[in-house]
Amino acid sequence: MAEYLYDTTSTKWFLPTYFWSAGAKLVRPSDRTTSCGRTQKICRLARFNGRLKDCMQIYIPMHDEVIGHWYLLICDIFHKKAEIWDSLPDVRHNKKRENDCHITLLYLDSVFHEDILSVFGTGWTFSSFSVVSPLDANPIQPNGVDCGIFVIRHMQYYRQLWHDRYDSNVQRMRLAIELLRNEKNQLRDVIIRETLKVMENASDFMAKGNKLGNVEAKDKDVADITITRKRVYNRKQKQSAVTIPEIRTGRGQPRPRRR
């Protein structure tokens, strides 16, 4: 998926997590030139040279290091607005997160200084953007571990109702499949081939045991493989049928024996 970071045609710019961290670590103004040069190289920002006039939005993943939480900063160029998409807002941390976003906007001014001057002239800055939180459309995660999922989905489906009937396991599975099957995934064929080998080995292993049933692979595309464990019988007791969800191959837990 890193290919999206290096796209040279999109009007939506996706910056890597390094961008936020570089801006946050910049303390001394004297280090600004060195820091910006390093960031431009590491983030490969040369692909944006001369394209600021066509840019509509800039997506920047942000990180609250105090509690280990990810949220998203979206810069709306046309409306001069910076939106904080935070799936786990907290009154104890909101002010710091907003301040970190202001620091990132200042860093955008430094990194894209030449492009800003050539496109908008003097007086136009990212740091002058109004910083808002779209509470009317911002969904809240149901647990303390899905912030990364929400950041990714907001980047993919900005202001779309992707979170309706949200299920953590389903979203994680869908994301894994999307990453695997995406045409920009350079390792797609390798991963599918290696995964099929693992599935075949697991099938052979499970077929050997007297306590294990058969495993069927109904499709060669790993994203569509459905593994079904048939009814199996233990020598001393009859066990219920177990259906293993898609892409999962682990053994179910045995029932305790009755005495």
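For the sequence shown, the positions run 163 to 421 when my numbering is used.
Just so you know, even glycine gets a beta-carbon here, dropped at the ideal spot from N, CA and C.
Being a predicted model, the structure only gives us computed values, none of them experimental.
- Within the same chain, and ignoring the five residues on either side of I265 in sequence, the residues whose Cβ sits closer than 7 Å to its Cβ are G185, A186.
- For L235, there is no enclosing alpha helix (DSSP H); the enclosing beta strand (DSSP E) covers residues 231 to 238.
- The C-alpha of T179 lies about 40 Å from the C-alpha of S365.
- Membership of S292 in the beta strand (DSSP E) is indicated by the continuous run 292 to 294.
- About 15 Å separates the beta carbons of C205 and L235, which is beyond the 8 Å limit, so they are not a contact pair.
- Between the segment 295 to 302 and the segment 245 to 261, the count of C-beta pairs closer than 8 Å reaches three or more; the two stretches touch.
- By the neighbour-count definition (other C-beta atoms within 10 Å, threshold 16), W182 is a buried residue.
- Sequence-distant partners of I220 (beyond 5 residues in either direction) whose C-beta falls short of 6 Å from its own C-beta, in its chain, are W175, C237.
- For E276, the enclosing alpha helix (DSSP H) begins and ends at 275 to 281.
- CA-CA distance, R336 to F312, rounds to 13 Å.
- Around the Cβ of R321, a 10 Å sphere holds fewer than 16 other Cβ atoms; the residue is exposed.
- Shown here, P251 sits in coil according to DSSP, grouped into three states, outside any helix or strand.
- Nearest to I339 by C-alpha distance, out of S172, T357, V294, is T357.
- Taking a 10 Å sphere around the C-beta of R327, we find fewer than 16 other C-beta atoms and assign the residue as exposed.
- Within the same chain, Cβ atoms closer than 6 Å to the Cβ of R315 are found at W324, the five residues on either side in sequence being excluded.
- Around S295, the same chain offers I246 as residues with beta carbons nearer than 6 Å, after the five sequence neighbours per side are excluded.
- Here the C-alpha atom of M361 lies approximately 15 Å from the C-alpha atom of D351.
- With 16 or more other Cβ atoms from the protein chains shown falling within 10 Å of its own Cβ, W232 counts as buried.
- Around R194, the same chain offers S272 as residues with beta carbons nearer than 6 Å, after the five sequence neighbours per side are excluded.
- Contact annotation: S330 and N347 have beta-carbon atoms that are not nearer than 8 Å.
- A straight line joining the alpha-carbon of R254 with that of E260 spans about 12 Å.
- In the displayed model, Y320 falls within coil according to three-state DSSP, outside both helix and strand.
- Within the same chain, and ignoring the five residues on either side of F288 in sequence, the residues whose Cβ sits closer than 7 Å to its Cβ are C237, L267, L270, D271.
- Annotated three-state conformation of Q202 is helix, per DSSP.
- In the displayed model, W182 falls within a helix according to three-state DSSP.
- The three-state reading of DSSP puts D366 in helix, counting H, G and I together.
- According to DSSP, residue pairing for Y328 in a beta bridge does not occur.
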